[in-house]
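Colleague:
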Amino acid sequence: MAYHFFKDFDTTAGINDRVRTTYDGPLSYAEDYMVWNITKDDIRVRMAIYDEDVWPPLPTEKPQLPDPNARIPYSDFIVGGKYDMSDVIQPTYDEINKEYGLNEKQDD
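Residue numbers (my numbering): 9 to 116.
Here is the structure:
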């Protein structure tokens, strides 16, 4: 039986307990790169060996630049949720400006 879920150290035991209430046959919980070799006589489960240090192939075409006219602005709801944190951030700006002789300002 194959079963798909978010497999992690804190989810596997609970899922296994639930699956086993209705199924008691062969079972494996897949991880990335898990391979099943299935024949009429046997099921073999193994982990594939792969190289983590691969380079992607070169693109066949130049990437398209994003169209600035297609940009979707933030909604009023999102913009309205922005907190004014200038009082919290300003001391950091002041310290760095003093130390390095700069006059950087916060973005509005």
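Quick reminder that beta carbons are idealized off the backbone N, C-alpha and C, glycines included.
(1) In this structure, what does DSSP give as the bridge partners for Arg26?
(2) Taking the runs of the alpha helix (DSSP H) that are 4 residues or longer, which of them lie wholly in the segment 67-96?
(3) Flag this pair as yes or no: are the beta carbons of Gln114 and Ser83 separated by less than 9 Å?
(4) Assuming Lys15 and Tyr37 are in contact, meaning their beta carbons sit under 8 Å apart, how far apart are those beta carbons, in whole angstroms?
(5) What separation, rounded to the nearest whole angstrom, lies between the Cα atoms of Val53 and Thr19?
(6) Using the Cα positions of Glu60 and Pro67, report the straight-line distance between them to the nearest angstrom.
(7) Over the uninterrupted beta strand (DSSP E) stretch that includes Ile46, give me the two end residues.
(8) Taking the alpha carbon of Asp92 as the reference point, which residue from Asp32, Trp63 and Asp116 has its own alpha carbon closest?
Modeller: Let me spell this out:
(1) Paired residue(s): none; Arg26 is not in a bridge.
(2) 84-88
(3) no
(4) 5 Å
(5) 21 Å
(6) 20 Å
(7) Met42 to Ile46
(8) Asp116
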